[in-house]
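Novice: First the structure, then my questions, so here it is.
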């Protein structure tokens, strides 16, 4: 599927995510720490992702990859453009509808040590999204937490551990369990394997592939490692100085 | 090449573990010559950073014991944080760390941070310090005077790492230890930093210990390699020999995890990533090899006795029963 031109009508039914002419700018301070200037994180970015597809996104540090990831889960508000997810324009949604749409797209970060609250135990970390979205009774929540730990192949004894008591790979499994808690349809993986050793990267990548097949997930897989992206993704896009192009 | 550093029987343990038999490093022995690049390869938690700190004499306060023999330019130094030696050693062995932003002071301008090292080591006037700092920055590909006056947060990660290298070089060290210096950088910037380090070793005839978890970086870069696993040296030799014919099952498995962009493996065709099953064991005094629980070629004796260090004809050493008892 190619890059779609910008329109304001919903994309085709098989398109899960369509991003159209998305632009994000930041206000940065000059060296004198007083004057401000506008920095463009990315400009007029458009792409589409089919349901069940894995789209790879590569690019050097500072090219706008992470800003794009943050925009997709609405942690940043873009200046212009549209984000269509499952036939809805996310940027036009109000509070309740937005909360429900947010369940469907989950973001996994590179550094699990800073992404996870150091004071919470694994049970609370994995159960937190369930509690926020009122999953059900305390028993149902505990059952779901255990189920999630099994899905990411973590021993149940880890429920009482805190992030610093886990290895990098184990922490990233907790982050994946947390992301899967609300049965999302799209995972945005922002350098999710980059901080891990080569063999642990392989273990987590294999786990993600199993989960993708089991739950028919779509991935936006962001990384600077071309070999890794090519092995995981169906299509690869490259971002350079805030602009996106598809690699053949 | 003359011998610069010799390490023999280095052992380090930390006191935050309740169990007195645990260690971070054990029985570490190797040598580094001037002008040589040694690549130290190992997974997270195998003791790579502890080794860098023991060599630089900057082990943290919770170190329970640091034993063994370290000889720098023929003079014996203590692996622990010995106060007087620490000052002498500081200008000879310099460590650059993984996170450049953490090694730079966020509220001091880049140029002043490097000038500070020159002032501490030389009796130069202000003009000379400024000229030397600018020349050093220019030689590392940062000629812009904006960089001299910038604060660390205003420059990119790759530039920050170049500044950290400049700061390290300002004391003219005999040995530079780079502890995963490119782990937080993208592939293009990583290649630039590796090339820069290689050129610097050649130009200054200093030695470089490059610590990494990624074997791919060391190809065409390091001359010799040392494989660390669970606090022990399990294989040691010339990089070409170790990468062409790895002897230890762990080395084979680790090199087997390397990825090649030209490889056609794709997850949609049922492709799986190679991994090493299991995880790093707890580092404690135990009978037998540390890798035994994950080893596909284990023998009955592997779980009972510590494997001997065996040397082959091409100076490749391995700690494994597969090559003799």
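Chains as they are written, first to last, in the numbering used here: chain B, 1 to 248; chain A, 1001 to 1325. For glycine and all other residues, C-beta sits at the position ideal for the given N, C-alpha and C.
#1: Whose Cβ in chain A lies nearer than 8 Å to the Cβ of residue 61 of chain B?
#2: Does the beta carbon of residue 1212 of chain A sit closer than 8 Å to a beta carbon anywhere in chain B?
#3: Where does residue 242 of chain B fall in DSSP's three states?
#4: If you drop the 5 nearest sequence neighbours on each side, which residues of the same chain put their C-beta closer than 6 Å to that of residue 1185 of chain A?
#5: Which chain A residues sit within Cβ distance under 7 Å of residue 224 of chain B?
#6: Check each residue of the segment 150-170 of chain B: if its Cβ is closer than 9 Å to any Cβ of chain A, include it; give the result in chain order.
#7: Do you know offhand how far residue 76 of chain B's Cα is from residue 1009 of chain A's?
#8: Could you work out which residue in A/1194, A/1054, A/1031 is closest to residue 1219 of chain A when comparing CA atoms only?
#9: Note down the Cα distance separating residue 1126 of chain A from residue 1168 of chain A, rounded to an integer number of angstroms.
#10: Roughly how many whole angstroms lie between the Cα atoms of residue 1006 of chain A and residue 1069 of chain A?
#11: Determine, using beta-carbon pairs with one atom in the segment 1264-1282 of chain A and one in the segment 205-212 of chain B, whether at least three such pairs fall under 8 Å.
#12: Count the other CB atoms, across all protein chains shown, that sit within 10 Å of the CB of residue 58 of chain B; report buried if there are 16 or more and exposed otherwise.
#13: Beta-carbon separation of residue 1291 of chain A and residue 1039 of chain A under 8 Å?
#14: In chain A, which residues lie with their C-beta within 9 Å of the C-beta of residue 51 of chain B?
#15: Taking the DSSP output, what are the residues bridged to residue 39 of chain B?
#16: Please work out which residues of its chain come closer than 6 Å, Cβ to Cβ, to residue 201 of chain B, disregarding the five sequence neighbours upstream and downstream, and give them in chain order.
#17: Does residue 1157 of chain A come out as helix, strand or coil in the three-state DSSP assignment?
#18: Give every residue of the same chain whose Cβ lies closer than 7 Å to the Cβ of residue 1229 of chain A, excluding the five residues on either side of it in the sequence, and list them in chain order.
#19: Rounded to whole angstroms, what's the CA-CA distance from residue 172 of chain B to residue 1216 of chain A? Just pull it up for me.
#20: Counting pairs of beta carbons, one from the segment 1116-1130 of chain A and one from the segment 1055-1064 of chain A, are three or more of them closer than 8 Å?
#21: Starting from the C-beta of residue 6 of chain B, find all residues in its chain whose C-beta is less than 7 Å away, skip the five residues before and the five after it, and write them out in chain order.
#22: Measuring CA to CA, which of B/108, B/203, B/14, B/170 is closest to residue 53 of chain B?
#23: So is residue 1173 of chain A buried or exposed if we call it buried at 16+ other beta carbons inside 10 Å?
#24: Tell me which residues share the same chain as residue 1059 of chain A and place their Cβ nearer than 8 Å to its Cβ, disregarding the 5 neighbours each side in the sequence.
#25: Between the segment 1042-1056 of chain A and chain B, which residues of the former have CB atoms less than 8 Å from a CB of the latter, in chain order?
#26: Between residue 222 of chain B and residue 191 of chain B, is the Cβ-Cβ spacing less than 8 Å?
#27: So which residues of chain B does residue 1274 of chain A contact, with C-beta pairs closer than 7 Å?
#28: Return the chain-ordered list of same chain residues with a C-beta closer than 7 Å to the C-beta of residue 68 of chain B, the five sequence neighbours on each side being excluded.
#29: Hey, is the segment 104-112 of chain B in contact with the segment 142-156 of chain B, meaning 3+ C-beta pairs nearer than 8 Å?
#30: Let me know the secondary structure DSSP gives residue 190 of chain B once reduced to three states.
#31: What is the rounded straight-line gap between the Cα of residue 29 of chain B and the Cα of residue 176 of chain B?
#32: According to a CB-to-CB cut-off of less than 8 Å, which residues of the segment 95-115 of chain B neighbour chain A?
#33: At the level of alpha carbons, what is the spacing between residue 1015 of chain A and residue 1100 of chain A?
#34: Would you say residue 41 of chain B reaches chain A, if we count a Cβ-Cβ gap shorter than 8 Å as a contact?
#35: Please classify residue 37 of chain B: is it buried, with 16 or more other beta-carbons within 10 angstroms of its beta-carbon, or exposed?
#36: Quick check on the DSSP output: the alpha helix (DSSP H) that includes residue 1245 of chain A runs from which residue to which?
Specialist: To lay it out plainly:
#1: What you label residue 61 of chain B is simply residue 61 of the first chain in a count that begins at 1. Per Cβ cutoff of 8 Å: 1156, 1157, 1158, 1185, 1186, 1189.
#2: As a working mapping, residue 1212 of chain A is identified with position 212 in the second chain. False, the Cβ-Cβ gap to chain B never drops below 8 Å.
#3: Sequence index remark: in the first chain, residue 242 of chain B carries index 242 (1-based). Coil.
#4: Here the question's residue 1185 of chain A lines up with position 185 in the second chain. If we look at residue 1185 of chain A and ignore the five residues flanking it on each side, its Cβ neighbours are 1157, 1158.
#5: To locate residue 224 of chain B, count along the first chain from 1; it is residue 224. Chain A residues near residue 224 of chain B: 1186, 1187.
#6: 167, 168, 169, 170
#7: For the purposes of this step, residue 76 of chain B is taken as the residue at position 76 of the first chain. For the purposes of this step, residue 1009 of chain A is taken as the residue at position 9 of the second chain. About 53 Å.
#8: Counted from its first residue, the second chain places residue 1219 of chain A at position 219. Measuring from the Cα of residue 1219 of chain A, the nearest candidate turns out to be A/1194.
#9: Here the question's residue 1126 of chain A lines up with position 126 in the second chain. Here the question's residue 1168 of chain A lines up with position 168 in the second chain. One C-alpha to the other measures close to 20 Å.
#10: Your numbering for residue 1006 of chain A matches position 6 in the second chain. Your numbering for residue 1069 of chain A matches position 69 in the second chain. Residue 1006 of chain A and residue 1069 of chain A: Cα-Cα distance of roughly 8 Å.
#11: yes
#12: In the first chain, counting from the first residue as 1, residue 58 of chain B sits at position 58. Buried, because 16 or more other Cβ atoms sit within 10 Å of the Cβ of residue 58 of chain B.
#13: Numbered from 1 along the second chain, position 291 holds the residue referred to as residue 1291 of chain A. Numbered from 1 along the second chain, position 39 holds the residue referred to as residue 1039 of chain A. No, these two residues do not count as a Cβ contact at 8 Å.
#14: Walking along the first chain from the start, residue 51 of chain B turns up at place 51. Under the 9 Å cutoff, chain A gives no residues; its nearest Cβ is about 15 Å from residue 51 of chain B.
#15: Start at 1 with the first residue of the first chain, and residue 39 of chain B comes out as number 39. BP columns for residue 39 of chain B point to B/26.
#16: Here residue 201 of chain B is taken as the residue at index 201 of the first chain, counted from 1. Excluding positions up to five away in sequence, the list reads 193.
#17: Residue 1157 of chain A sits at position 157 when you count from the first residue of the second chain. In the structure shown, residue 1157 of chain A sits in a helix (DSSP, three-state: H, G or I).
#18: Within the second chain, residue 1229 of chain A is the residue found at index 229, counting from 1. If we look at residue 1229 of chain A and ignore the five residues flanking it on each side, its Cβ neighbours are 1042, 1046, 1250, 1290, 1291.
#19: One-based indexing of the first chain puts residue 172 of chain B at position 172. One-based indexing of the second chain puts residue 1216 of chain A at position 216. Approximately 23 Å between the Cα atoms of the pair.
#20: no
#21: For the purposes of this step, residue 6 of chain B is taken as residue 6 along the first chain, with counting starting at 1. A caution first: residue 6 of chain B carries a pLDDT of 47, below 50, which makes its placement in the model unreliable, though a value can still be read off. Contacts found: 20, 21, 46.
#22: One-based indexing of the first chain puts residue 53 of chain B at position 53. Looking at the Cα atoms, B/14 is the closest of the given residues.
#23: Residue numbering aside, residue 1173 of chain A sits at position 173 when the second chain is read from its first letter. Residue 1173 of chain A is buried by the Cβ-count criterion.
#24: By one-based count along the second chain, residue 1059 of chain A stands at place 59. Answer for residue 1059 of chain A: 1012, 1050, 1053, 1066, 1079, 1080, 1081, listed in chain order.
#25: 1043, 1044, 1045
#26: The count along the first chain starts at 1 and reaches residue 222 of chain B at position 222. The count along the first chain starts at 1 and reaches residue 191 of chain B at position 191. Cβ atoms of residue 222 of chain B and residue 191 of chain B: closer than 8 Å.
#27: Taking the second chain and counting its residues from 1, the one referred to as residue 1274 of chain A is at position 274. Those within 7 Å of residue 1274 of chain A in chain B are 202.
#28: Position 68 of the first chain, counted from the first residue, corresponds to residue 68 of chain B. Cβ neighbours of residue 68 of chain B beyond the five flanking positions: 42, 45.
#29: no
#30: To locate residue 190 of chain B, count along the first chain from 1; it is residue 190. The answer is strand: DSSP assigns residue 190 of chain B an E or B state.
#31: Against the first chain, residue 29 of chain B aligns to sequence position 29. Against the first chain, residue 176 of chain B aligns to sequence position 176. Spanning the two alpha carbons is a distance of roughly 35 Å.
#32: none
#33: As a first step, residue 1015 of chain A is located in the second chain; it is residue number 15 there, counting from the start. As a first step, residue 1100 of chain A is located in the second chain; it is residue number 100 there, counting from the start. Cα-Cα distance, rounded: 28 Å.
#34: The residue labelled residue 41 of chain B in the question sits at position 41 within the first chain. Residue 41 of chain B does not count as touching chain A.
#35: The count along the first chain starts at 1 and reaches residue 37 of chain B at position 37. The residue is exposed, with fewer than 16 neighbouring Cβ atoms inside 10 Å.
#36: In the second chain, the residue the question calls residue 1245 of chain A occupies position 245. Residue 1245 of chain A -> no alpha helix (DSSP H), and no H or E assigned at all.
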